[in-house]
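Worksheet: the structure to be examined is printed underneath.
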Ligand SMILES: Cc1cc2nc3c(=O)[nH]c(=O)nc-3n(C[C@H](O)[C@H](O)[C@H](O)COP(=O)(O)O)c2cc1C
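Residue numbers (our numbering): 2 to 390.
If you want it as C-alpha cells, here you go:
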C-alpha cells in the first residue's frame with residue numbers, strides 16, 4: 002500500500018474507531034445517518050471532478066482486482082464475492098459508489114411498498130466489546146417508488162446497461178399490510194424495481210416486522226414465491242432466512258426452494274436468540290439483552306450463521322448460498338466460503354473494522370487460493386479447506 006492509499010483507512014481509524022469502542026457516546030443510528038448523508042451526496046455528485054477524483058482514490062485504496070475472485074452466478078458477473086448486506090443502504094442512496102469501497106455487489110433495501118418510519122427510537126445499539134449490534138429498526142425506508150427516484154437522481158441505469166455495479170434489492174412487507182395481503186405488497190415493489198435488480202432478495206426473516214417470519218412457513222412461502230416467479234422478467238431470486246429456524250424448518254425451506262427452482266438462499270438475518278449474551282446490559286436502556294426486542298448481529302452470530310449455511314450446503318449443493326452473519330475477518334470469510342457460500346456479505350463487521358475489511362478479506366482469499374493451489378474461488382466453495390497461515 003502506498004502513502005496515498007492509506008488515507009481513508011487512517012481517517013476511519015482516527016475518527017470512527019474511538020467512537021465504536023464504546024456502547025455510549027454518539028448514537029449508533031445518528032452516526033449511520035451522518036455517514037449516509039455524506040455517501041448520498043458523493044453518489045449523486047459522482048461526476049463532479051473533485052468528487053470523481055476522491056472516488057478514484059477511494060477505489061485505489063479499497064478495490065482488489067484479481068480474475069481468480071470473479072464468478073458468473075445466475076448469469077450475473079461478480080468481480081469479487083463480497084457484498085454489502087441489506088439494511089445499511091435501505092433507500093439506495095449510495096448505489097453508485099459501493100464498488101469504490103471494493104464491494105463486488107451491494108444489496109439495497111429492505112424496501113417496502115409503502116414508505117414507513119420504522120419503530121420508535123432508540124432502535125439501534127452498539128455492543129462494542131462483543132463487536133455486535135442489536136437493532137429493531139422495523140424497515141424504515143422511503144418506499145419502492147422513491148427508490149426508483151433515487152436511482153434516477155444518481156444516474157443509475159437499468160441493469161442491462163450498467164457497468165461495474167452489481168445491485169441486489171431486498172424486498173419486505175410494509176407494516177400496514179396484513180400478512181394475508183403480503184404477496185401484493187412484495188409484487189408491487191418488485192414490479193417497479195425489476196429493471197434495476199440484478200437479483201431480488203425476498204426477506205421473510207426480519208424479526209422487527211410483526212408476523213413477517215411466518216412467511217417462512219413452507220406453505221405461505223411457496224404461495225409467495227410462485228407469484229413472484231410469474232412476474233415478467235423476474236430476476237434471480239434469493240430467499241433470506243433467519244438464523245433461529247430449526248434444522249427441520251430449514252430442510253423444508255430447502256425442499257421448497259428446489260421444487261420451485263428458486264436460485265438460492267441468503268443465510269442469515271439477525272437473531273432473536275441472545276447467543277449467550279442474555280445477561281448483557283444495554284447501556285442506553287438499562288435492560289438486559291434478554292429483555293430487549295430486536296435482532297442481534299455481528300461476531301456472536303458468526304458460529305450459528307456458519308452452521309446453518311453449512312447444513313444447507315450439505316443438503317443440496319445446487320442451492321446457491323450467500324453467507325452473512327458475523328463475518329469480520331479474512332479467516333471467517335474463508336470459513337464461510339469453504340462451508341458453501343458462493344458469495345458473502347458484510348454489515349456489522351464492516352462497521353467495526355472499517356472499509357479496510359473488504360481488501361483485507363479479498364487479499365486473504367487470494368493468499369489461501371495460492372496456498373491451496375486453487376485457480377479460482379469457485380474451487381474453494383464448500384471445499385471444507387481450512388485457513389492456512
Ligand atoms: C442496523 C441493521 C439494519 C438491518 N436491516 C436489514 C434490512 O433492512 N433487511 C435485511 O434483510 N437485513 C437487515 N439487516 C441484517 C443484515 O443484512 C445481516 O443479515 C445481519 O446483520 C447479519 O450480518 P452481520 O453480522 O454481518 O451484521 C440489518 C442489520 C443491521 C445491523
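Idealized CB from N, CA, C, for every residue including glycine.
Go ahead and pull the three-state DSSP assignment for residue i.
i	result
residue 200	strand
residue 182	helix
residue 308	helix
residue 56	helix
residue 290	helix
residue 126	strand
residue 4	Residue placement at residue 4 is flagged as unreliable, the pLDDT there being 45, under the threshold of 50; the coordinate-derived value follows with that caveat. Note: residue 4 maps to helix in three-state DSSP.
residue 100	helix
residue 112	strand
residue 299	strand
residue 230	helix
residue 272	strand
residue 381	coil
residue 241	strand
residue 319	coil
residue 266	strand
residue 23	coil
residue 282	strand
residue 163	coil
residue 254	helix
residue 246	coil
residue 135	strand
residue 177	coil
residue 393	Given that the chain is displayed from residue 2 to residue 390, the structure contains no residue 393 and the question cannot be resolved.
residue 152	helix
residue 140	coil
Please determine whether the Cβ atom of residue i lies at a distance below 8 Å from any heavy atom of ligand 1.
i	result
residue 277	no
residue 325	yes
residue 122	no
residue 206	yes
residue 153	no
residue 67	no
residue 329	yes
residue 298	yes
residue 138	yes
residue 239	no
residue 107	no
residue 22	no
residue 187	no
residue 355	no
residue 270	yes
residue 307	no
residue 115	no
residue 171	yes
residue 14	no
residue 351	yes
residue 91	yes
residue 87	yes
Per DSSP, which one or two residues make a beta bridge with residue i?
i	result
residue 216	Per DSSP, none; premise fails for residue 216.
residue 34	Paired residue(s): none; residue 34 is not in a bridge.
residue 346	84 and 325
residue 169	108 and 200
Figure out for me which residue from the options has the closest Cα to the Cα of residue i.
i	options	result
residue 109	343, 369, 275 and 203	203
residue 317	263, 288 and 364	263
residue 222	104, 19, 258 and 295	258
residue 168	174, 198, 186 and 178	198
residue 247	299, 217 and 102	217
residue 1	181, 201 and 180	Lying before the first or after the last residue shown, residue 1 is absent from the chain, which here runs from 2 to 390.
residue 304	281, 292, 283 and 274	274
residue 56	70, 30 and 101	101
residue 172	67, 358 and 213	213
residue 120	206, 225, 219 and 211	211
residue 1	69, 107 and 283	Here the chain comprises residues numbered 2 to 390, so residue 1 is not present and cannot be evaluated.
residue 154	184, 299 and 48	48
residue 319	235, 75, 22 and 375	75
Are any of the Cβ atoms in chain B nearer than 9 Å to that of residue i?
i	result
residue 41	The chain labelled as chain B is not found in the depicted structure, where only one protein chain is given.
Would the segment 144–153 and the segment 101–120 be scored as touching if the rule is three or more Cβ pairs under 8 Å?
Verdict: yes, contact present.
Are the segment 347–362 and the segment 324–338 touching, with three or more C-beta to C-beta distances below 8 Å?
Taking one beta carbon from each stretch, the segment 347–362 and the segment 324–338 have 3 or more pairs nearer than 8 Å; the two touch.
Under 8 Å: do the segment 32–48 and the segment 78–98 share three or more Cβ pairs, one atom per stretch?
When Cβ pairs closer than 8 Å are counted between the two stretches, the segment 32–48 is seen to touch the segment 78–98, the count reaching three or more.
Does the segment 26–37 come close enough to the segment 373–386 that 3 or more CB-CB pairs lie under 8 Å?
Under the three-pair Cβ rule at 8 Å, the segment 373–386 does not count as touching the segment 26–37.
Using a Cβ distance threshold of 8 Å, determine whether the segment 75–84 contacts the segment 123–138, with at least three qualifying pairs required.
By the criterion of at least three beta-carbon pairs nearer than 8 Å, the segment 75–84 is not in contact with the segment 123–138.
Does the contact criterion of 3 or more C-beta pairs under 8 Å hold for the segment 264–271 versus the segment 237–246?
In short, these stretches touch, since the Cβ pair count reaches three.
When the Cβ atoms of the segment 320–327 are set against those of the segment 369–376, are three or more pairs found closer than 8 Å?
No: fewer than three Cβ pairs fall under 8 Å.
Tell me whether the segment 131–142 and the segment 181–201 touch, counting them as touching only if at least three CB pairs, one residue from each stretch, are closer than 8 Å.
Proximity of the segment 131–142 to the segment 181–201 falls short of the contact definition, fewer than three beta-carbon pairs being nearer than 8 Å.
For the segment 159–166 against the segment 55–65, do three or more pairs of beta-carbon atoms, one drawn from each stretch, fall closer than 8 Å, so that the two count as touching?
Contact between the segment 159–166 and the segment 55–65 is absent: fewer than three C-beta pairs spanning the two stretches fall below 8 Å.
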